[in-house]
Amino acid sequence: MDGIFCHYIVDTGDPKMNLNKPLFENKQHGPGGGIPLLKSLWEKFDLSLLFLQTGIVKHSGVPGWLMSFAYICGLIAQKPSVNQNADFTSDSPILKVLLKGESISQSAFSRFFSKPFEWLQFAVGRIQRLQEHPESRLSEGDVIALDDTKVAHPFGKKLPFLCWLFDSSTRNHIWCMNLISTYARFEKRPGISPLLAILA
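The sequence shown lines up with residues 9 to 208 when you count with this note's numbering.
This is the structure:
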């Protein structure tokens, strides 16, 4: 999660203290800067309970909901591979606290996401939870956009969630995971700025 910071250099040799042109620098934030916000939304919609209700559970180790949460955090941090996503769980101080010192390996992620859980049932439950809250409820005039992002995964040929897909941005077929995301644009929300409505 990058940020652009601006600062001015003061020419101390000038008695008028004129400001020179601003300098812009890219500064790296610590890994996982937005995780507390995501965690608060996760708790607001009680998604951990939804994992249990839909049977997405593990017998040991890191709980299934926490595996998914950590993976989503890595995707938001733009980690392009499952391996880098696994590394991110060890690099992020916030995830270290949530994981209570445990680490998630690439193979653990792959095993978990390749199990035949009821992901569609979970998605339906998630939408129902969103519809229960006024600030996330869809109404007439709202728009839902679907986005599919191809996450390259050149190894792991036997993983059932990987496939050959055409990537229109590179004009090549790649062995990848197809990540489907949904975005909602709220047409009318009292008290919400147009920018926040678009980002919601």
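Where a beta carbon is used, it is the ideal one built from N, C-alpha and C, also for glycine.
Remember, predicted model here, so these are calculated numbers, not experimental data.
Residues near residue i by beta carbon distance below 6 Å, same chain, minus five either side
{"i": "K87", "result": "N93, F96"}
{"i": "I200", "result": "Low local confidence applies: a pLDDT of 49 at I200 is under 50, so the model's placement there is unreliable, and no value is given."}
{"i": "Q129", "result": "T62"}
{"i": "L167", "result": "S118, S122"}
{"i": "M75", "result": "F120"}
{"i": "F53", "result": "R137"}
Residue j beta carbon less than 8 Å from that of residue i
{"i": "S177", "j": "D155", "result": "no"}
{"i": "F125", "j": "G63", "result": "yes"}
{"i": "L46", "j": "W73", "result": "no"}
{"i": "K66", "j": "F120", "result": "yes"}
{"i": "L138", "j": "S147", "result": "no"}
{"i": "H161", "j": "W183", "result": "yes"}
{"i": "I102", "j": "A78", "result": "no"}
{"i": "F58", "j": "R134", "result": "The sequence given here places Leu at residue 58; Phe does not occur at that position. Closer than 8 Å, so yes."}
{"i": "A153", "j": "Y191", "result": "yes"}
{"i": "H181", "j": "L187", "result": "no"}
Limits of the beta strand (DSSP E) - the one that residue i falls within
{"i": "G193", "result": "The displayed chain sequence assigns Arg, not Gly, to residue 193. Start and end: 180-193."}
{"i": "K158", "result": "151-160"}
{"i": "F174", "result": "171-175"}
Supposed contact pair residue j and residue i - C-beta distance, whole angstroms, cut 8 Å
{"i": "V151", "j": "S118", "result": "Incorrect: roughly 34 Å between the Cβ atoms, too far for contact."}
{"i": "K196", "j": "D175", "result": "Actually they do not touch by this definition, with Cβ atoms about 37 Å apart."}
{"i": "I43", "j": "S100", "result": "7 Å"}
Cβ-based neighbour list, residue i, same chain, cut-off 8 Å, excluding 5 preceding and 5 following
{"i": "G69", "result": "E110, A116"}
{"i": "S169", "result": "Note on identity: in this sequence residue 169 is Phe, with Ser being the wrong assignment. Excluding sequence neighbours, F169 sits near F121, S122, M185."}
Endpoints, alpha helix (DSSP H) assigned at residue i
{"i": "S56", "result": "55-61"}
{"i": "L49", "result": "43-52"}
task = Give, in chain order, every unbroken run of the alpha helix (DSSP H) that is at least 4 residues long and sits entirely within the stretch 82-161.
result = 90-99, 101-106, 114-121, 127-139, all fully within the stretch 82-161.
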